[in-house]
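Here is the structure we will look at.
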Amino acid sequence: MGRRKSVCCGCSALEVTLAFLFVIMTGVCVTLVAMMFNWKTDTTDTAVGPCCPESQDPPYLIGVGRADCTGPPAEIPLMGYANPQQTAAGIHTRLYSRAFIIDDRRRRVLFVTADVGMISQRLRLEVLQALQVKYGDLYRQDNVVLSGTHTHSGPAGYFQYTLFMITSKGYIKSSIEPLVNGIVKSIDRAHSNMKPGRIYRSTGELGDSSLNRSPHSYLNNPEDERHRYKQNTDKQVTVLKFTDLDGDGIGMLSWFAVHAVSMNYTNRMVSSDNMGYASYLMEQDKNPGELPGQGGFVAGFSSSNLGDVSPNTKGPHCVNTGLPCDYLNSSCPVGGTKLCKAFGPGEDMFDSTRIIGHNIYRKAKELYGSAVEEVTGFLHFAHQWVNMTDVTVQINSTHTATTCKPALGHSFAAGTTDGGGDLNFTQGAVEGDPFWDGIRDALVGKPSNQTQACHHPKPILFSTGEMNKPLPWHPEVVDVQIIILGSVAVVPVPGEMTTMSGRRLREAVRQELQSDGAFRDLEVVIAGLSNIYTHYITTYEEYQVQRYEGASTIYGPHTLSAYLQKYRGLARAIAQDRVSELPVGPQPPFFQNNLISLLAAAGVDGKPENSSFGDVLDQVLPVYRQGDVVSVTFVAGNPRHSGDMRDKTFVTVEIYDNRTNTWEVVYTDASWETRFHWLKGSNRQSNSTVEWHIPPAAPSGSYRIRHFGHYMLRRFPQPIINPYEGVSDVFEVAASFYYQ
Ligand code: ZN
């Protein structure tokens, strides 16, 4: 049985365990457009007071862009569940970066939502460096937000802190480059198509698509606070509709709080999960006739305060008995934590992804269709770098407390019911375990008394703030930022805020912004997994319970209080027109040396005797009907040899056009209906199996499936890599009525 390590999101602690305890545990973490229109964009932050005209006049300049950011779909760990066995082996759906640029002719903001587990500090710094080279000071740390959808099925390897590098098989150039280049390309596209337009906002609620996975922690929040809310997760979907001056839609940006973990730890294909599927559906809808990833309409579905929010709506059950798991610890009487898993709502993970993604899409589309409330007013933004390890917070009129050097608690290693640890850790641990503490002390060192006291009641598993080799294990400097689009405030958070943490933050920001009577009727949204990843942010009360989220709140019990203080400061500065007085804060490091690389080079490809790369090993059937699954297997090379495959495809499904006597591509590896599995065998041989799940609406006709790849013929004296392609026999999709 695989070593299912902990958990979601950076769950890496387990991986730490992986690295250090591996032996022990065997079996056991605008310039052009502005010029055209002769408009100037002030790139400094000379503040302009808020203003609220009835309609935005002159209109905003708006640009939207999308680009493929899919990395190598082979051998690289998928970023999320921190399971070393869960390496990429094909493509379910491609990953995209979606960029939205808004300019009020005084200032400009750029919001990117990308199909990645989270934005890492390294990824952000590399993107900002690339933007600096291309655009000078137009796009900077203060007016650019990068947010991740939190899919757990994208290639890892884009981190510079040791904990994450260990879980990612290091800092992987071939993995981070497509991400950086894809994100920048989406920005280039948005930048080059900016035009005057309008923004409308709309908010509604979506039920049946999310569940609190740590209700016990939530219940520890004050009763009077809980009574202000009907639910223990946020159900709101907020939509921004972007149109040109003719009223034609050009894009949509939305926020909803749910983990993108419908695809579970057993998945091996690169996938954008439920949030990506919502984007996919909306874009297919608004770009009729286009292949996935094509077409001008861009639909971003951004993450929010999803820290304790699961999409697995059937809830956690013991897989051996079918009974609900223990409430506090999420464990089973027989089998412990590892057998407590949450599933649903579908029959399998693909079905669950489809249902949750479709629900989010359907709600957003409805809100998009009914959005009539125009967003008006100036743009504002404020940003600071903060050293989160020594923020002093006022906890009452007489006492202060401080944040801590980063550390992860024991429950971190337990994982969550969305993907659990395999060791004997359980959630809700407030006492250490002598066995594991002993191993930790011997291998990575005992936490200092000061750090232990600071994190109380967290029993520390890894005192990452005291581990600096070969590079610091966790970041100290963190981005805090707010951007305001007239009547919408977007609050990017550097991690995963729980439901109640997000509510407190939204309220604090709203309060400060409205304190001087400005920004009335403000919509405040949280953009999750933004700019840098620091795991979870629970409330002080949730922290006391020390479930996974509390154990993963790395700067200690007062982490949220510190953030509330910092974000209040930003909001106040905006409200009082004093952003330029905010200290920039300490620059984050950009490590040049000691980045780890643990990924072995992709080797020479082998093939069966008397065969060629691209030959068919398992052929299609002659006839199918709608609803069937076509499958064909090819002799393949390692997809890593194909290099940067952005905007390309490993797979096409083609229909024969009798009028033109040509083959027309109707699906690619980006399509929901196709699955590209890459299977590594023995003797350096590998196969590609392509599945096409024929949709009910597929026209009858003659089809074929093609597969494209590269193989390495030899490595020395210099590598020779050749392209290959394979094609299936022609098969018919016959109308169902032939069979009735
Ligand atoms: Zn998460």
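Residues 54 to 793 in my numbering are what the sequence shown lists, from first letter to last. Just so it is clear, CB atoms sit at the ideal spot from N, CA and C, and this is done for glycine as well.
Residue range Met402 to Ser423 is occupied by the alpha helix (DSSP H) that includes Arg407. By the Cβ neighbour-count rule, Phe687 is buried, with 16 or more other Cβ atoms within 10 Å of its own. Its Cα nearest to that of Glu230, the residue Pro208 stands out among Ser357, Pro692, Ser270 and Pro208.
Under DSSP, the beta-bridge partners assigned to Val197 are Leu163. In the DSSP assignment, Ser735 falls outside any alpha helix (DSSP H), carrying neither H nor E. In the same chain as Gly539, and ignoring 5 residues on each side of it, the C-beta atoms closer than 6 Å to its own belong to Val428, Thr429 and Gly430, in chain order. When C-alpha distances from Glu343 are compared across Ala723, Tyr224 and Ser739, the shortest belongs to Ala723. The segment 153-173 makes contact with the segment 198-207; the number of CB pairs closer than 8 Å reaches 3 or more. Taking C-beta separations shorter than 8 Å and ignoring five residues to either side along the sequence, the partners of Gly397 in its chain run Asn365, Thr366, Lys367, Gly368 and Ser405, following chain order.
Per DSSP, Glu662 lies in no alpha helix (DSSP H) and is assigned neither H nor E. Contact between the segment 116-123 and the segment 698-710 is present, with at least three C-beta pairs closer than 8 Å. The criterion of a C-beta distance shorter than 7 Å is not satisfied by Ser262 and Ile154. Taking the CA atoms as reference points, Asn320 sits about 16 Å from Thr470. According to the DSSP secondary-structure assignment, Tyr756 is paired through a beta bridge with Ile708 and Phe784. The Cβ atoms of Gln645 and Ile747 do not sit closer than 7 Å to each other. Judged by their CB atoms, Ser650 and Gly223 are nearer to each other than the 7 Å cut-off.
When only Cα atoms are considered, Gln174 and Lys294 end up about 29 Å apart.
The DSSP-derived three-state label of Gln289 is strand. Note on Pro749: under 16 other CB atoms within 10 angstroms of its CB, so exposed under the neighbour-count rule. DSSP, reduced to helix, strand and coil, places Gln480 outside both helices and strands of the structure shown, so it counts as coil. Note on geometry: alpha-carbon atoms of Asp287 and Glu560 lie some 14 Å from one another. Nearest Cα to Asp710 within the set Ser755, Asn196, Trp438 and Asn691: Ser755.
For Glu549, the CB falls within less than 6 Å of some heavy atom of the ligand ZN. 7 Å or more divides the Cβ of Ser735 from the Cβ of Arg757. The alpha-carbon separation between Ala183 and Val233 amounts to approximately 8 Å. Taking a C-beta distance under 7 Å as the contact criterion, Lys458 and Thr442 qualify as a contact pair. Here Asn440 has Glu529, Val530 and Pro639 as same chain residues with Cβ atoms under 6 Å from its own Cβ, once five neighbours each way along the sequence are excluded.
From the listed residues Val718, Glu707, Arg556 and Ala689, the smallest Cα separation to His763 is found for Ala689.
Around the CB of Ala653, fewer than 16 other CB atoms lie within 10 Å, so the residue is classed as exposed.
At a cut-off of 4 residues, the continuous stretches assigned as alpha helix (DSSP H) that sit fully inside the segment 563-639 are 593-598, 601-604 and 612-628. Gly302 and Val292 have their C-alpha atoms spaced approximately 13 Å apart. With contact defined as three or more Cβ pairs closer than 8 Å, the segment 267-276 and the segment 185-192 are not in contact.
Between Gly462 and Gln599 the beta-carbon gap is near 6 Å, inside 8 Å, which marks them as a contact. Boundaries of the alpha helix (DSSP H) around Cys507: Asn502 to His508. When the Cα atoms are used, Ile590 and Gln480 turn out to be separated by approximately 16 Å. Rounded to the nearest whole angstrom, the C-alpha separation of Phe465 and Tyr601 is 5 Å.
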